[in-house]
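Remarks on the structure that follows.
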Amino acid sequence: MDAPVIDLLQLYPRDMNIYGDWGNVLVLRKRLQLRGYDVRLHEYNPGDSFPEQVDLIVGGGGQDSGQNKIQSDLLGLGGRLKELADDGVPMLAICGLYQLFGHRFTTHTGEVITGIGLLDAETVGGPTRLIGNTVLDSSEFGTVIGYENHSGLTTLGPDVQPFGTVTKGQGNNGQDGTEGARYRNVIASYLHGSLLPKNPAVADYLVRHAAERRYGTFNDVALEVPYEAAARSDAAARPR
Amino acid sequence: MRHLLATVVGKTVRVVAKLRGGGSALPGLIAEKIDPDFLPRTLGRLPHGVVVISGTNGKTTTTKMVVELLQGQGLKVFTNRTGSNFTRGVVAAVLGESNLAGKLGADIAVLELDEAHAVHFVKLVPPRYSLLLNVMRDQLDRFGEIETTAGFLRKIAEATTEAVVLNREDHRIAGLAAAVAAPEIRYFGLAPGLRQMFPSDDEMRSGAAGEIAVLPDADVVLSACDGPAATFTVNGRDIDARLKLTGVYNVYNSAAALALARTVLGEAADEAALLRSLEAVTPAFGRGESLIVNGQPLDLVLVKNPAGFRLALKSFPAAGFRTMIAINDNYADGRDMSWLWDVDFDSLAEAGVDEVSGVRANDMALRLFYEDVPVGRVDTDLTASLRRFIELGPEQPKRIYCTYTAMLALRRELGKLTEVEVVS
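Sequence order for the protein chains is H and X.
Going left to right, the first sequence walks through residues -16 to 223 as this note's numbering numbers them.
Going left to right, the second sequence walks through residues 45 to 468 as this note's numbering numbers them.
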């Protein structure tokens, strides 16, 4: 019998790959493979045709120049992505893509970059970068560990929940203690690191929902990944 | 008078600081405070002016090469050898080598400058020549964005008065040509066949870029590279060289150094002597140094960012070697571990990694797990890890990939463990 397939789509790998977010793709793929799934990896860049079958979507952060390159393409894709999100497709949007998944990003100079409004959130450019090791407390995922590096300040609206509450670091805006956003099976966050290697609970949430949505079940094998726990505690103990 | 005072006080503080051990920038700070004009005036007197070298990767090695190339032409060269690559460090180095009248006994200054500090420096001292190597993702936790770093380098290009030497293969560097006010721009480059060895950050996940840009003619092209043998096409002529440096990125840096030296020397260049000097250059401290430990070679390869790590892995085949990776996350290394996920480690999959060490050893080991690279031991204690690495493979050549502060610690430890003989 053929192994069940999961179609994993990476959004804009060419222009939005700059902060190690490839690690998220590697981790999702491996954790699916270890549970007996075949992973079909799709890369979507501006102008590409969007695949018919998509079970899981990942997108990362970019330089400002990369963000400009993908913005108009993303606006064209917005309707499709919103449909998929409302249909329960799990997605992970990091940093730059998190900002563009919101309503808009108003830059430091007052320029307004329209987002796709998949998330009830909006971002304004801040005067300084918020940079450093970050730890969150999340009711769904426990302690989340990562590294933030952003100047945009994001405020959440009532239709989304925060991904977590910062116990170390600045989070969405350095003011209200929230970090990231949650909507349906979408997780958005400023955290790099990459995020998923050191946060297997988040990775497994995404792969579980991808499998369950497509096949109705998930082959829920507990994985023993070496060095994972130690890497988490090392990272949590490092200075900001 | 201020100048004399600044020199005397600065030199005195320098001696005191040395006696106390360390503090290489303090005398510079004090001289700067007494006489803000100290640096421009002292360096401004040099007959051949000031050369600035900057970029993300290869500054130290390239600066060392340029210095030796120019010395080989009979010039007396002042340089900031101690690795103090910011303004105060340069002031301290100038104090150390100038006489009491504040006169520097040199024909030309060749300075390696950190990108961000270079902006401050070139305002004080406009360089006559500059060499801009590359812009890579490095220490984004300090500078935030690649474009920010490119902006720093643009300031150097703008401030240079005679000639700017640019890497035509790095589109952000080549793009700085528009900012150059100096009368001359020269380029160094790669032959098409070698370009695949140098994927840029932008091409990291997409292979070579689709668009083929029209490249400007280069003064020096690295046209072939095979171990220590390299061919440079200089002004249309092929020159074969046998280098003491290994690693294709180091060899490409020698093309940059050659282009800069030719620019500075102009028609006075003695080509045969340039080639002799180039062939004699040895790697800078910790940059691909080859040591002999217990009768076996041990290479120390500094890795600072994904592009550099990828190039190093491409340059050095793993077969037959014991391999160790040491990753620290101190300020000088960069605190964010994201970069490890943008390096392909599959070239290590067959031979495996014997020791993984450093403060973030577990992050590194986790990275290798996700790429199916077998890992021997994981130990955050660098000393224990290094000892095991050497003791368990007495008959094998060894290679250690390490971040900056891990390299400093390992080198100290290697000095204790054994008679460290520097061979090249």
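Quick reminder that beta carbons are idealized off the backbone N, C-alpha and C, glycines included.
- One thing to note: Phe232 (chain X) has its Cβ within 8 angstroms of the Cβ of Val209 (chain X).
- In this structure, Ile217 (chain X) sits away from Ala162 (chain X), with a CB-CB distance that is not shorter than 8 angstroms.
- Annotation: Gln82 (chain H) has no Cβ neighbours in chain X at a cutoff of 9 angstroms; minimum Cβ distance is about 14 angstroms.
- If you draw a straight line from the Cα of Ile114 (chain H) to the Cα of Ala273 (chain X), it comes to about 44 angstroms.
- From the beta-carbon of Gln46 (chain H), the residues of chain X found nearer than 7 angstroms are Glu189, Ile190 and Glu191.
- For Gly6 (chain H), the uninterrupted alpha helix (DSSP H) segment begins and ends at Trp5 to Gln16.
- Where Tyr188 (chain H) is concerned, the enclosing alpha helix (DSSP H) starts and stops at Pro183 to Tyr198.
- Under the 10 Å beta carbon count, Ala428 (chain X) is surrounded by fewer than 16 other beta carbons and is classified as exposed.
- Judged by DSSP in its simplified three-state form, Phe413 (chain X) adopts helix.
- Cβ neighbours of Gly108 (chain H) within its own chain (closer than 7 angstroms, five residues either side excluded): Thr89, Thr90, His91, Ser134 and Gly135.
- The DSSP-derived three-state label of Ser429 (chain X) is helix.
- If you look at Arg216 (chain X), you'll find it in the alpha helix (DSSP H) that goes His215 to Ala218.
- Annotation for Asp103 (chain H): Gly140, Asp142 and Val143 place their beta carbon closer than 6 angstroms to its own, counting only its chain and skipping 5 residues before and after.
- The beta carbon of Val10 (chain H) is closer than 6 angstroms to those of Leu179, Pro180 and Ala186 in its chain, skipping five residues each way along the sequence.
- Within the stretch 361 to 392 of chain X, Asp373, Arg379, Asp380, Met381, Ser382, Trp383, Leu384, Trp385 and Asp386 place their CB atoms closer than 8 angstroms to a CB of chain H, listed in sequence order.
- Here the alpha carbon of Ala376 (chain X) sits roughly 44 angstroms from the alpha carbon of Phe201 (chain H).
- Using a CB distance below 7 angstroms, the part of the stretch 160 to 190 of chain H facing chain X consists of His175, Gly176, Ser177 and Pro180, ordered along the chain.
- For chain H, none of the residues of the stretch 160 to 180 of chain X brings a beta carbon within less than 9 angstroms of one of its beta carbons.
- Per DSSP, Asn349 (chain X) lies in no beta strand (DSSP E) and is assigned neither H nor E.
- Pro73 (chain H) and Ile53 (chain H) have their C-alpha atoms some 21 angstroms from each other.
- Under the three-state reduction of DSSP output, Ser122 (chain H) falls in the coil class, being neither helix nor strand.
- Only residues of its own chain outside the window of five on either side were considered, and among them Ala393 have a CB closer than 7 angstroms to the CB of Asp416 (chain X), listed in chain order.
- Here DSSP, grouped into helix, strand and coil, assigns Tyr293 (chain X) to helix.
- For Arg404 (chain X), no beta strand (DSSP E) run applies, since DSSP gives it neither H nor E.
- A residue is called buried once 16 or more other Cβ atoms fall within 10 Å of its Cβ, and Gly88 (chain X), having fewer, is exposed.
- C-alpha of Thr307 (chain X) to C-alpha of Arg379 (chain X): approximately 38 angstroms in a straight line.
- Annotation: the continuous beta strand (DSSP E) that includes Asp423 (chain X) extends over Val419 to Asp423.
- Val345 (chain X) and Ile444 (chain X) have their C-alpha atoms spaced approximately 6 angstroms apart.
- For Glu112 (chain X), the uninterrupted alpha helix (DSSP H) run begins and ends at Lys103 to Gln115, by DSSP.
- Listed along the chain, the chain H residues whose CB falls inside 7 angstroms of the CB of Val422 (chain X) are Tyr210.
- The stretch 16 to 56 of chain H contains, as complete beta strand (DSSP E) runs of 3+ residues, the segments 21 to 27 and 39 to 42 (chain order).
- With respect to chain X, the C-beta atom of Ala214 (chain H) has a partner C-beta closer than 8 angstroms.
- For Leu57 (chain H), the CB contacts under 7 angstroms within the same chain, skipping 5 residues up- and downstream, are Leu83 and Ile99 in chain order.
- Not a single C-beta of chain H is nearer than 8 angstroms to the C-beta of Arg89 (chain X).
- One thing to note: Asn101 (chain X) has its Cβ within 8 angstroms of the Cβ of Lys348 (chain X).
- When C-beta distances to chain X are compared with 8 angstroms, the residues of the stretch 113 to 136 of chain H below that value are Ile114, Gly115, Asn116, Tyr130, Asn132 and Ser134, in chain order.
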